[in-house]
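Enquirer:
Residue numbers (the working numbering): 12 to 605.
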């Protein structure tokens with residue numbers, strides 16, 4: 012069975028606890044044995060008490076029957092409790108495995124696929140795989156045993172009844188399999204719709220501001236209605252096929268029981284079996300066919316589980332970023348006269364489209380290197396490549412005398428710090444968000460970093476200081492304060508290299524000035540690579556690299572580039588014009604208020 016092969020393949024990523032699975036099997040087997048013995052007691056009660064009138068056996072037989080029922084109930088409760096524990100434990104374990112692989116998945120793949128795919132993997136897919144362990148795997152095997160034992164007992168009572176039971180089993184089992192193809196197709200459609208809807212729901216929540224500002228509620232509803240129609244149609248078809256699968260088995264059971272009653276009554280009248288044996292045989296046929304009915308009911312779950320396992324295995328076997336599969340090693344010290352970062356003929360592509368094309372540059376220790384150019388020139392891609400988020404297609408890239416491909420994710424995380432254009436703040440305290448830069452750092456050092464990031468007055472004004480709890484994405488902070496928290500995080504980390512990717516472009520002019528002051532403190536004694544529109548920061552750089560269409564077309568100081576690089580002159584003039592415009596607007600506003 013393909014689903015079992017898929018499950019065993021998944022076991023190598025996160026094997027289930029064998030002792031607990033064994034305990035569930037044992038409890039399920041004991042419950043089955045108790046259930047199988049109950050028809051024997053009913054048979055004895057009918058033949059001994061009702062037929063032969065032995066009243067003294069009423070209490071012993073009924074007491075034993077009730078005792079078996081209570082024992083079965085207790086064992087069943089224990090089995091269900093342990094099964095639930097095992098299922099949740101398996102869900103959390105598999106989720107950790109998937110999340111671990113997600114942390115190694117290239118950032119380009121995550122950004123291309125969007126949230127929906129990974130939410131579906133870590134939600135429904137993992138839940139179905141974990142439930143397969145208990146709902147299908149354990150129950151399936153237990154039900155097979157119950158079916159075989161029940162058929163054996165029927166044969167023991169009367170071989171003719173046994174043959175009828177034996178003939179009905181393959182019919183009950185085979186009919187639902189005729190629907191495998193349409194059922195699988197419907198289940199795949201349901202999963203795809205759920206994945207898409209998950210992604211759109213994340214968009215709807217993340218884009219709440221734009222939806223309200225532009226009055227897009229109607230557009231959002233129309234889009235959701237289109238998606239939900241597909242889900243409703245696919246879910247209805249899946250439900251119908253599951254129902255037909257289950258009901259076809261019920262029909263076979265009804266026909267089999269009818270035949271057994273007819274043949275059994277004849278055998279009773281002929282004296283071949285007793286009335287109690289016939290009643291017990293009818294119960295055993297239910298016990299023999301009930302597992303098949305349960306299997307038919309579980310068949311839809313098995314199809315869904317098979318699809319989820321396939322998707323999980325595809326994801327877990329997908330390529331990882333080079334840095335995640337590289338072994339960590341000691342970073343060699345740099346020579347004083349050689350660059351700490353150098354590239355030669357560096358090429359980087361995305362989906363077959365060249366973004367960086369033959370890039371050459373060198374940065375020396377302690378330098379401030381500015382990368383300038385129009386939007387789309389390749390600055391962010393270069394930084395993402397240095398941070399290990401995008402793979403080098405060809406060419407050479409060395410950092411501290413090591414080829415960049417030999418830098419592991421752990422080494423990159425230790426030696427590189429970054430302040431993005433928009434930085435993510437996690438739910439937790441202010442201290443926890445800053446201490447993420449270097450986990451375990453003391454409160455004094457965190458406070459000092461916040462002071463260096465010009466947040467001293469703000470922190471001192473908080474009633475709980477460093478232990479003030481931040482809402483989702485630090486909602487109670489202004490844009491400038493969020494950026495300064497990110498800068499404090501980088502200061503605490505104290506990296507060898509600092510990457511600043513347009514860290515102030517989303518801020519207003521006044522806030523931008525404050526953040527730039529914080530950045531100047533963060534950059535002290537560090538090799539810093541910055542992409543910025545701030546002219547004063549560019550002018551202060553030790554070396555400026557001018558980028559255009561994925562290439563570095565010139566390099567030098569501010570004055571050198573003004574004298575020879577037309578593209579740089581255009582960028583500077585554009586920036587000067589924007590700064591004059593912003594200054595004039597500010598003066599106009601002041602004059603109007605006066």
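Cβ atoms here follow ideal geometry from the backbone N, Cα and C, with glycine treated the same way.
Quantities reported herein were computed from a predicted structural model and do not represent experimental measurements.
1. May I ask which residues mark the beginning and end of the beta strand (DSSP E) holding residue 361?
2. If you draw a straight line from the C-alpha of residue 323 to the C-alpha of residue 136, how long is it?
3. Run through DSSP, which three-state label would residue 481 get?
4. Would the beta-carbon of residue 262 fall within 7 Å of that of residue 296?
5. Shortest alpha-carbon distance to residue 138 belongs to which of 312, 284, 168, 158?
6. Indicate the three-state DSSP secondary structure (helix, strand or coil) for residue 414 in the structure shown.
7. Can you tell me which of the three DSSP states residue 329 falls into?
8. Of the choices 207, 537, 42, 327, whose alpha-carbon is the least far from that of residue 378?
9. In angstroms with no decimal places, state the Cα-to-Cα distance between residue 129 and residue 265.
10. What does DSSP give as the partner residue(s) for residue 440 in the beta ladder?
11. Taking a contact to mean a Cβ-Cβ separation below 7 Å, would you say residue 285 touches residue 58 in this structure?
12. Rounded to a whole number of angstroms, what is the C-alpha to C-alpha distance between residue 497 and residue 548?
13. Where does the unbroken beta strand (DSSP E) through residue 559 begin, and where does it stop?
14. Ignore the nearest five residues each way along the sequence and tell me which others in residue 171's own chain have a CB closer than 8 Å to its CB.
15. Can you grab the Cα-Cα spacing for the pair residue 26 / residue 169, in whole Å?
16. Assuming residue 541 and residue 381 are in contact, meaning their beta carbons sit under 8 Å apart, how far apart are those beta carbons, in whole angstroms?
17. Could you name the residues of the same chain whose beta carbon sits closer than 6 Å to that of residue 69, not counting the 5 residues immediately before and after it, in chain order?
18. Just the Cα atoms here: how many angstroms apart are residue 374 and residue 552?
19. Which whole-angstrom value is the C-beta distance of residue 49 and residue 76, which I expect to be below 8 Å?
20. By Cβ distance, which residues of its chain are closer than 7 Å to residue 197, with the 5 residues on each side in sequence left out?
21. Which of the three DSSP states, helix, strand or coil, is assigned to residue 531?
22. Threshold first: 3 residues or longer. Then list the beta strand (DSSP E) segments lying entirely within the stretch 44-100, N to C.
23. Tell me the rounded alpha-carbon separation between residue 480 and residue 83.
24. Just mark residue 133 as buried or exposed, buried being the case when its beta carbon has 16 or more other beta carbons within 10 Å.
25. Can the beta-carbon of residue 370 be found closer than 7 Å to that of residue 404?
26. Grab me the residues of residue 473's own chain with a C-beta within less than 7 Å of its C-beta, minus the 5 sequence neighbours each way, in chain order.
27. On the CB-based measure, 16 or more other CB atoms within 10 Å of its CB, does residue 394 come out buried or exposed?
28. Let me check one thing: in DSSP terms, what residues is residue 405 bridge-paired to?
29. Any contact between the stretch 113-132 and the stretch 388-402? By contact I mean 3 or more CB pairs, one from each, below 8 Å.
30. Which one of 42, 174, 93 has the shortest CA to CA distance from residue 153?
31. Can you tell me whether residue 239 is buried or exposed? The criterion is at least 16 other CB atoms within 10 Å of its CB, across all chains shown.
32. As a quick exercise: from 383, 452, 543, 437, pick the residue whose alpha carbon is nearest that of residue 493.
33. Between which two residues does the alpha helix (DSSP H) holding residue 386 run?
34. How many angstroms separate the CA atom of residue 47 from the CA atom of residue 298?
35. Quick check on this structure: which residue in 364, 372, 556, 362 has the alpha carbon closest to the alpha carbon of residue 356?
36. Could you spell out the range, first to last residue, of the beta strand (DSSP E) harbouring residue 348?
Expert: In this structure, then:
1. Along the chain shown, read from residue 1 onward, the residue named residue 361 stands at position 350. Per DSSP, residue 361 belongs to the beta strand (DSSP E) from 352-361.
2. Mapped onto the chain shown, residue 323 falls at position 312. Mapped onto the chain shown, residue 136 falls at position 125. Roughly 7 Å separates the two Cα atoms.
3. The residue you call residue 481 lines up with position 470 of the chain shown. Look at residue 481 here: in three-state DSSP terms it is strand.
4. Here residue 262 is taken as the residue at index 251 of the chain shown, counted from 1. Here residue 296 is taken as the residue at index 285 of the chain shown, counted from 1. Judged by their CB atoms, residue 262 and residue 296 are not nearer to each other than the 7 Å cut-off.
5. Here residue 138 corresponds to residue number 127 of the chain shown, with the count starting at 1. For residue 138, the nearest C-alpha among the options comes from 312.
6. By 1-based counting over the chain shown, the position of residue 414 is 403. In the structure shown, residue 414 falls within a strand segment according to DSSP collapsed to helix, strand and coil.
7. For this step, residue 329 is matched to residue 318 along the chain shown. DSSP places residue 329 in coil when its eight states are reduced to three.
8. Within the chain shown, numbered from 1, the residue matching residue 378 stands at position 367. Out of 207, 537, 42, 327, the CA that lies nearest to the CA of residue 378 is found in 537.
9. Position 118 of the chain shown, counting from 1, holds the residue named residue 129. Position 254 of the chain shown, counting from 1, holds the residue named residue 265. Approximately 45 Å, taken between the alpha carbons.
10. As a first step, residue 440 is located in the chain shown; it is residue number 429 there, counting from the start. 480, per the DSSP bridge assignment.
11. Sequence index remark: in the chain shown, residue 285 carries index 274 (1-based). Sequence index remark: in the chain shown, residue 58 carries index 47 (1-based). One thing to note: residue 285 has its Cβ within 7 Å of the Cβ of residue 58.
12. Counted from its first residue, the chain shown places residue 497 at position 486. Counted from its first residue, the chain shown places residue 548 at position 537. CA-to-CA, the gap between residue 497 and residue 548 works out to about 19 Å.
13. Numbered from 1 along the chain shown, position 548 holds the residue referred to as residue 559. Unbroken beta strand (DSSP E) run through residue 559: 554-559.
14. Counting from one through the chain shown, the residue named residue 171 turns up at place 160. Setting aside the 5 residues that flank it on each side, residue 171 is surrounded in the same chain by 274, 278, each with a C-beta closer than 8 Å to its C-beta; the list follows chain order.
15. Mapped onto the chain shown, residue 26 falls at position 15. Mapped onto the chain shown, residue 169 falls at position 158. Spanning the two alpha carbons is a distance of roughly 44 Å.
16. Taking the first residue of the chain shown as 1, we reach residue 541 at position 530. Taking the first residue of the chain shown as 1, we reach residue 381 at position 370. Rounded, the Cβ-Cβ distance is 5 Å, consistent with contact.
17. Translated into positions along the chain shown, residue 69 becomes position 58. Taken in chain order, the residues that qualify are 60.
18. Residue 374 sits at position 363 when you count from the first residue of the chain shown. Residue 552 sits at position 541 when you count from the first residue of the chain shown. One C-alpha to the other measures close to 11 Å.
19. Counting from 1 along the chain shown, the entry for residue 49 is found at position 38. Counting from 1 along the chain shown, the entry for residue 76 is found at position 65. Correct: roughly 6 Å between the Cβ atoms.
20. Start at 1 with the first residue of the chain shown, and residue 197 comes out as number 186. For residue 197, the CB contacts under 7 Å within the same chain, skipping 5 residues up- and downstream, are 245, 248, 249, 252 in chain order.
21. Counting from 1 along the chain shown, the entry for residue 531 is found at position 520. Residue 531: helix per DSSP, three-state reduction.
22. The qualifying runs do not exist here; there are none.
23. On the chain shown, residue 480 is found 469 positions in, with the first residue counted as 1. On the chain shown, residue 83 is found 72 positions in, with the first residue counted as 1. A straight line joining the alpha-carbon of residue 480 with that of residue 83 spans about 50 Å.
24. Indexing the chain shown from 1 puts residue 133 at position 122. So residue 133 ends up on the buried side.
25. Mapped onto the chain shown, residue 370 falls at position 359. Mapped onto the chain shown, residue 404 falls at position 393. Cβ atoms of residue 370 and residue 404: not closer than 7 Å.
26. Here residue 473 refers to the residue found at position 462 of the chain shown. Its chain contains 479 as the residues whose beta carbon lies nearer than 7 Å to that of residue 473, once the 5 sequence neighbours on both sides are disregarded; these appear in chain order.
27. Counting from one through the chain shown, the residue named residue 394 turns up at place 383. Classified as buried, residue 394 has 16 or more neighbouring CB atoms from the shown chains inside 10 Å of its CB.
28. Taking the first residue of the chain shown as position 1, residue 405 is located at position 394. Paired residue(s): 358.
29. Contact holds: three or more Cβ-Cβ distances are below 8 Å.
30. Taking the first residue of the chain shown as position 1, residue 153 is located at position 142. Cα-wise, what sits closest to residue 153 is 42.
31. Residue numbering aside, residue 239 sits at position 228 when the chain shown is read from its first letter. Here residue 239 is exposed. Its C-beta has fewer than 16 other C-beta atoms within 10 Å.
32. As a first step, residue 493 is located in the chain shown; it is residue number 482 there, counting from the start. Measuring from the Cα of residue 493, the nearest candidate turns out to be 437.
33. Position 375 of the chain shown, counted from the start, is the residue given in the question as residue 386. Per DSSP, residue 386 belongs to no alpha helix (DSSP H) and is neither H nor E.
34. One-based indexing of the chain shown puts residue 47 at position 36. One-based indexing of the chain shown puts residue 298 at position 287. Rounded to the nearest whole angstrom, the C-alpha separation of residue 47 and residue 298 is 8 Å.
35. As a position in the chain shown, residue 356 is number 345, starting the count at 1. Nearest of 364, 372, 556, 362 to residue 356, Cα basis: 372.
36. In the chain shown, residue 348 corresponds to position 337, counting from 1. Note, residue 348: premise wrong, no beta strand (DSSP E); not H, not E.
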